[in-house]
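First up is the structure itself, then whatever we jot down about it.
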Amino acid sequence: MSYVKTVNAVRRLVNDGTVPGVSYAFIDGENVQAGRYGAEALVPGYEPLKPNQLYDVASLTKVVGTTNVILQLVADDKLHFDDQIKTFLPQWQDSRVTVRHLITHTSGVTGYIPHRDKLTATELTNALLQLHVGENFEKKMVYSDINFIFLGWIAEKITGEPIQKLIAERILRPLGMVASTFQPQDPSQCVPTEVSPTRGVIRGVVHDPKAFVLKERCGSAGLFSTLADLVTFERAMLAEKGVPITPEQVQSLLLDQTPLHHQWRSFGWALLPTQLPTPHRCIWHSGYTGTALVMDLKTKQGMVFLSNRVHPKAPNEAFLERRNAIINTYLAEKAEVK
1026 MSYVKTVNAV
1036 RRLVNDGTVP
1046 GVSYAFIDGE
1056 NVQAGRYGAE
1066 ALVPGYEPLK
1076 PNQLYDVASL
1086 TKVVGTTNVI
1096 LQLVADDKLH
1106 FDDQIKTFLP
1116 QWQDSRVTVR
1126 HLITHTSGVT
1136 GYIPHRDKLT
1146 ATELTNALLQ
1156 LHVGENFEKK
1166 MVYSDINFIF
1176 LGWIAEKITG
1186 EPIQKLIAER
1196 ILRPLGMVAS
1206 TFQPQDPSQC
1216 VPTEVSPTRG
1226 VIRGVVHDPK
1236 AFVLKERCGS
1246 AGLFSTLADL
1256 VTFERAMLAE
1266 KGVPITPEQV
1276 QSLLLDQTPL
1286 HHQWRSFGWA
1296 LLPTQLPTPH
1306 RCIWHSGYTG
1316 TALVMDLKTK
1326 QGMVFLSNRV
1336 HPKAPNEAFL
1346 ERRNAIINTY
1356 LAEKAEVK
């Protein structure tokens, strides 16, 4: 088991200063190759990466947590993909938007909220529910946190519990993701993110502004997790064993689930074509803070990539192209692994 090209690409990402450090793992069935390289903090001082540190995984919350909660509710016949969201969120006025639109980012929900990050949770909730549907409805996949915030509220409406509590109870604990949490108790065990002009060094507190305001009622971000826990998650998904959704639902993630079926988006996950060993699809997702998960459900292989690309300064746009190149290197190299 060897991923020399991918590991070298990760090291170059650190050596040229694109990110402070990376924790990574490659999964091949029962085998796992893991490593870490570089620093976890540059400001206020240099700190080398330590094992078992918690990362703010940002939008990986959507696919590790919220997507699986929604799929569970569908399996339990408490929710359907064609249900209108106004059935659960009566403040929302547009009857066209369904659960499927939200989970595939084809809802077209758009609009500007003045001083969004300065609002209280109640004010932000009301403002989000007053947004409108734009011209992209169904026609275009436009990635938006709002879709998964709404999904979290729908899950709460059905169960009576906030989405982050549902994720902890239904996903993290059953899978044995014992380190993962929405409320880190010790900031020193967390990899820091941005040095904010208003918040200082953000460490042990969620980076995402909407999640910071909405707290346990945010289904789009907020999860802190370790490399080991995300390996646990991927291994369960790849083996379809111990995973919190049905094997049929796992396989459904390989299908384009958008209303028009040609936008390369499944339930929560993005679809990624690969030609090796034969043409097929993988699933993947990223997080704003510099995280990514890739899974090949056909070959039972996966990659976990954790960095803090927003430390010390966001947005670090140069990172995105480099991350995509690393994923492509991995996809090519994993076909060679025996």
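Residues in the sequence shown are numbered consecutively from 1026, following my numbering.
For each residue, glycine too, the CB sits at the ideal point set by N, CA and C.
Same chain, Cβ closer than 6 Å to residue i, neighbours up to 5 away in sequence not counted
| i | result |
| --- | --- |
| residue 1106 | 1124 and 1125 |
| residue 1202 | 1254 and 1257 |
| residue 1337 | 1067, 1068 and 1220 |
| residue 1077 | 1251 |
| residue 1051 | 1028, 1058 and 1328 |
| residue 1330 | 1049 and 1317 |
| residue 1230 | none |
| residue 1138 | 1152 |
| residue 1325 | 1054 and 1263 |
| residue 1031 | 1354, 1355 and 1358 |
| residue 1205 | 1197, 1250 and 1254 |
| residue 1163 | 1131 and 1284 |
Buried or exposed (CB count within 10 angstroms, at least 16 for buried), residue i
| i | result |
| --- | --- |
| residue 1287 | exposed |
| residue 1350 | exposed |
| residue 1090 | buried |
| residue 1318 | buried |
| residue 1300 | exposed |
| residue 1355 | buried |
| residue 1073 | exposed |
| residue 1361 | exposed |
| residue 1038 | buried |
| residue 1321 | buried |
| residue 1103 | exposed |
| residue 1213 | exposed |
| residue 1366 | Nothing about residue 1366 can be read from this structure; the chain reaches only from 1026 to 1363. |
| residue 1033 | exposed |
| residue 1333 | buried |
| residue 1133 | buried |
Given residue i as reference, the closest of the options once Cα atoms are compared
| i | options | result |
| --- | --- | --- |
| residue 1180 | 1215, 1114 and 1234 | 1114 |
| residue 1242 | 1345, 1347, 1150 and 1203 | 1150 |
| residue 1053 | 1074, 1034, 1028 and 1065 | 1028 |
| residue 1120 | 1110, 1236, 1329 and 1128 | 1110 |
| residue 1158 | 1146, 1148 and 1172 | 1172 |
| residue 1155 | 1045, 1116 and 1296 | 1116 |
| residue 1108 | 1183, 1136, 1080 and 1046 | 1183 |
| residue 1161 | 1147, 1360, 1122 and 1187 | 1122 |
| residue 1136 | 1169, 1362, 1147 and 1056 | 1169 |
| residue 1081 | 1293, 1039, 1236 and 1033 | 1236 |
| residue 1294 | 1127, 1062 and 1177 | 1127 |
| residue 1259 | 1041, 1034, 1032 and 1055 | 1055 |
| residue 1065 | 1345, 1186 and 1335 | 1335 |
| residue 1099 | 1164, 1223, 1277 and 1204 | 1277 |
| residue 1060 | 1041, 1040 and 1035 | 1035 |
| residue 1352 | 1041, 1298 and 1223 | 1298 |
Close beta carbons around residue i, own chain, < 7 Å, minus the five adjacent residues each side
| i | result |
| --- | --- |
| residue 971 | One cannot answer for residue 971 here, as it falls past the ends of the chain, which runs 1026 to 1363. |
| residue 1269 | 1093, 1097, 1195, 1196, 1199 and 1200 |
| residue 1227 | 1217, 1218, 1219 and 1221 |
| residue 1267 | 1200 and 1261 |
| residue 1347 | 1038 and 1043 |
| residue 1191 | 1094, 1180 and 1184 |
| residue 1365 | Because residue 1365 is not part of the residues shown, which for the chain are 1026 to 1363, the question remains open. |
| residue 1177 | 1091, 1188, 1242, 1243 and 1244 |
Inter-residue CB distance, residue i and residue j (contact presumed, cutoff 8 Å)
| i | j | result |
| --- | --- | --- |
| residue 1086 | residue 1248 | 4 Å |
| residue 1084 | residue 1312 | 4 Å |
| residue 1174 | residue 1244 | 6 Å |
| residue 1306 | residue 1279 | 5 Å |
| residue 1088 | residue 1232 | Not a contact, Cβ separation roughly 18 Å. |
| residue 1240 | residue 1146 | 7 Å |
| residue 1046 | residue 1062 | 6 Å |
Close-in-space but distant-in-sequence residues of the same chain around residue i (CB under 8 Å, 5 per side omitted)
| i | result |
| --- | --- |
| residue 1343 | 1043 |
| residue 1290 | 1129, 1130, 1131, 1166, 1281, 1282, 1283 and 1296 |
| residue 1234 | 1141 and 1142 |
| residue 1238 | 1142, 1144, 1145, 1146 and 1149 |
| residue 1215 | 1078, 1079, 1080, 1081, 1209, 1228, 1229 and 1249 |
| residue 1302 | 1324 and 1360 |
| residue 1118 | 1111 |
>> For the pair the segment 1209-1221 and the segment 1136-1155, tell me if three or more CB-CB distances fall below 8 Å.
In response: Not touching, per the Cβ criterion.
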